[in-house]
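For the sequence shown, the working numbering gives the first residue as 4, with consecutive numbering after it. Working notes for the structure below.
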Amino acid sequence: MDEISLDRRNFLKKIGLVSAGTLLLSSPWLSAFSEEKHTGNSVVRIGIIGPGSRGRHLMGFLLNNPKAEITAICDIYQPSIDEALKKVPKAAVYTDYRKLLEDKSIDAVVIATPLYTHCQIALDAFDAGKHVLCEKTIGFNIEECFKIYNKHKSTGKVFFSGQQRLFDPRYIKAMEMIHAGTFGEIEAIRTFWYRNGDWRRNVPSPELERQINWRLYREYSKGLMTELAGHQLQVGSWAMQSIPDKVMGHGAITYWHDGREVFDNISCIYVFDNGVKMTFDSVISNKFYGLEEQILGNLGTIEPEKGKYYFETTPPAPAFLRMVNDTEHSVFGTLPFAGTSWAPETAQENKGEYILGEKPKSDGTDLLMDAFVEAAITGQQPPKIAEEGYYASAMTLLGDQALVEERTLTFPDEFKLDYLNHRRQTVIP
Ligand SMILES: NC(=O)c1ccc[n+]([C@@H]2O[C@H](COP(=O)([O-])OP(=O)(O)OC[C@H]3O[C@@H](n4cnc5c(N)ncnc54)[C@H](O)[C@@H]3O)[C@@H](O)[C@H]2O)c1
């Protein structure tokens with residue numbers, strides 16, 4: 004028990020950091036692990052709604068936590084139920100989530116169904132008195148996200164969304180550095196997610212196409228925006244401690260002309276109130292650049308996914324390299340030999356530094372699930388985590404709307420939470 008007991012010190016050890024320092028300022032939700040909370044040997048009883056690919060992945064983390072007990076599952080697709088039962092053979096099985104919600108012994112639910120179903124299930128779960136972890140994107144449009152957030156507030160039940168980077172050690176440390184001013188003023192954020200694949204799942208019979216490949220059809224999903232962008236936009240706004248004012252962009256199907264309805268090629272520009280831009284690009288017919296959030300300050304750059312940072316000022320290149328550089332750029336034709344007074348642009352390759360000493364074993368999902376368990380036991384909502392999830396989803400959905408309507412959209416005032424900027428003007432729920 005001691006080994007996984009999640010008091011703050013163990014948590015910090017687990018993510019490879021030695022002291023709390025200013026971590027809680029940048030990532031206040033980490034207080035879910037506070038040793039003052041003493042969740043001891045308590046156990047939370049959890050129902051999994053939609054134990055498909057992601058749902059079963061999340062179940063794996065819950066099964067590793069002795070404070071969590073998965074007592075029920077619900078799915079409308081028998082193969083998903085069969086797979087889930089291999090992990091929890093004793094769990095009660097439902098095919099209608101409302102029946103699962105009637106079970107008073109269940110304290111909390113994890114919702115990992117397709118996007119278009121999230122909102123109603125989440126609202127009903129809160130009304131049934133359950134704590135809720137809902138996968139991202141939380142709602143199908145901003146109105147739905149707002150309803151879910153408000154229901155969480157009015158019922159007082161714990162609400163998490165599937166934004167695991169909030170618990171990823173590299174990102175936590177990166178944000179601590181960014182907010183401490185290590186990289187100066189953040190001037191630009193470039194995010195991208197490139198893959199090479201059709202994003203299709205195998206379908207056992209043709210009539211199941213839309214049910215299984217729900218991601219590809221606009222009735223159920225908004226494709227790359229709702230499946231990928233939300234993670235990266237959340238990171239950008241976490242770095243900026245603000246949400247963007249506006250978004251513009253373009254989306255198209257350029258490669259996978261296979262009957263899908265969602266874009267396979269997207270570029271979005273989000274603009275913050277100070278003019279700083281955050282881009283999100285995604286193409287799924289070339290994977291060379293992979294995925295990253297590049298956060299650019301006037302003193303340096305950080306790439307949390309890679310786990311590295313780079314200062315603008317690097318040691319000067321050796322004289323020999325400078326000479327090669329000058330020769331390559333043919334500056335000697337017009338200048339005397341020692342004439343270059345400007346610093347050569349091809350200084351030594353900037354290899355950067357690692358954010359954390361060793362590569363963390365966690366991408367944050369295990370800690371996200373552990374934090375949810377802690378919060379569900381105490382019934383206390385960790386600060387700011389619901390707001391991070393809400394805004395990540397809202398930014399994503401506004402971006403999708405801008406792509407579809409091919410116009411610049413402003414973040415609507417009526418969907419801002421109680422305060423204009425949920426981080427700068429602190430209102431801790
Ligand atoms: N946080 C992350 O990194 C991450 C990663 C992958 C997926 N996800 C999210 O997880 C969710 C599920 O994605 P997935 O890849 O597991 O999809 P999936 O299709 O593999 O699984 C969804 C499951 O929900 C079931 N389902 C559908 N309607 C239902 C209903 N009304 N009641 C109960 N069960 C129902 C399906 O039968 C299926 O078993 C999506 O919102 C997705 O965006 C998040």
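All C-beta atoms in this analysis are idealised placements derived from N, C-alpha and C, irrespective of residue type, glycine included. This structure is a prediction, so every number in the text was calculated from the model and none was measured.
| Item | Value |
| --- | --- |
| Helix, strand or coil, according to DSSP, for Leu302 in the structure here? | coil |
| Going by DSSP in three states, Tyr100 sits in which element: helix, strand or coil? | helix |
| For Arg410, verify whether its CB is less than 7 angstroms away from any heavy atom of ligand 1. | no |
| Excluding five sequence neighbours on each side, which residues of the same chain lie with their C-beta closer than 6 angstroms to the C-beta of Leu28? | none |
| Quick one: is Val206 buried, meaning 16 or more other Cβ sit within 10 Å of its Cβ, or exposed? | exposed |
| Sort Thr282, Gly63, Glu308 and Asp110 by Cα distance to Lys249 and report the nearest one. | Thr282 |
| Using the three-state DSSP reduction, which class does Tyr273 fall into: helix, strand or coil? | strand |
| I believe Gly55 touches Ser83 by the beta-carbon criterion, under 8 angstroms. Please report the beta-carbon distance rounded to the nearest angstrom. | 5 angstroms |
| Need the endpoints of the beta strand (DSSP E) that Met281 sits in, please. | Lys280 to Val286 |
| Between the alpha carbons of Gly382 and Ile109, how many angstroms are there, rounded? | 14 angstroms |
| Please say whether Leu219 and Ser285 have beta carbons closer to each other than 8 angstroms? | no |
| What do you get for Leu338, buried or exposed, if any count of 16 or more other CB atoms within 10 angstroms of its CB means buried? | Residue placement at Leu338 is poorly supported in this model, since its pLDDT is 45, which falls under 50; the coordinates are not used for a value here. |
| Apart from the five residues just before and just after Asp127, which ones in its own chain have a Cβ nearer than 8 angstroms to its Cβ? | Tyr100, Arg101 and Leu104 |
| By alpha-carbon positions, which one of Ser45, Thr74, Leu412 and Val47 ends up nearest to Pro247? | Leu412 |
| Under the three-state reduction of DSSP, which class applies to Gly342: helix, strand or coil? | Residue confidence is low: Gly342 scores 44 on pLDDT, short of 50, so the model does not pin down where it sits. No coordinate-derived value is stated. |
| Return the chain-ordered list of same chain residues with a C-beta closer than 8 angstroms to the C-beta of Glu190, the five sequence neighbours on each side being excluded. | Val279, Leu299, Gly300 and Asn301 |
| Thinking just about the alpha-carbon of each residue, which of Glu409, Ala389, Gly233 and Phe418 is nearest to the one in Trp32? | Ala389 |
| Between Leu420 and Leu294, what straight-line distance do the alpha-carbon atoms span, to the nearest angstrom? | 30 angstroms |
| Any chance you could list the beta strand (DSSP E) runs of at least 3 consecutive residues sitting entirely within the stretch 69 to 96, in chain order? | 71 to 77 |
| Would you kindly report the start and end of the unbroken alpha helix (DSSP H) that includes Val376? | Thr368 to Thr381 |
| Compare the Cα-Cα distances from Glu146 to each of Ser37, Ser396 and Val265 and report the closest residue. | Ser396 |
| Report yes if the C-beta distance between Cys122 and Lys150 is below 8 angstroms; otherwise report no. | yes |
| So Pro307 and Glu296 are supposed to be a Cβ contact under 8 angstroms. How far apart are they, rounded? | 6 angstroms |
| Which residue comes first and which comes last in the alpha helix (DSSP H) that contains Ser29? | Leu26 to Ser29 |
| How many whole angstroms separate the CB atoms of Gly355 and Tyr393, which I take to be in contact at a CB cut-off of 8 angstroms? | Wrong, their Cβ atoms sit about 33 angstroms apart, outside the cutoff. |
| Is it buried or exposed for Asp85, if we count other Cβ within 10 angstroms and need 16 for buried? | exposed |
| Less than 8 angstroms between the CB atoms is what I'm expecting for Trp175 and Ile305, so what's the real figure, rounded? | Trp is not the amino acid found at residue 175; the sequence shown has Ile there. Not really, about 13 angstroms apart at Cβ, beyond 8 angstroms. |
| On a Cα-Cα basis, can you pick out the residue from Asn68, Thr42, Asn44 and Ala405 that is closest to Asp373? | Asn68 |
| Would you tell me roughly how many angstroms separate the C-alpha atoms of Glu179 and Ile79, rounded to the nearest one? | 43 angstroms |
| Pull the bridge partners of Cys137 from the DSSP assignment, please. | Ile114 and Ser164 |
| Where does Trp345 land, buried or exposed, given buried means 16+ other C-beta within 10 angstroms? | Model confidence at Trp345 stands at a pLDDT of 49, short of 50, so the residue's coordinates are unreliable and nothing is read from them. |
| Quickly, what does DSSP pair Met251 with across the bridge? List them, please. | Ile272 |
| To the nearest angstrom, how far is the alpha carbon of Arg198 from that of Ser45? | 42 angstroms |
| Determine the DSSP secondary structure at Phe335, reduced to helix, strand or coil. | Residue placement at Phe335 is flagged as unreliable, the pLDDT there being 46, under the threshold of 50; a coordinate-derived value is accordingly withheld. |
| Rank Trp259, Gly58, Val135 and Tyr292 by C-alpha distance to the C-alpha of Gly200 and give the top, closest one. | Trp259 |
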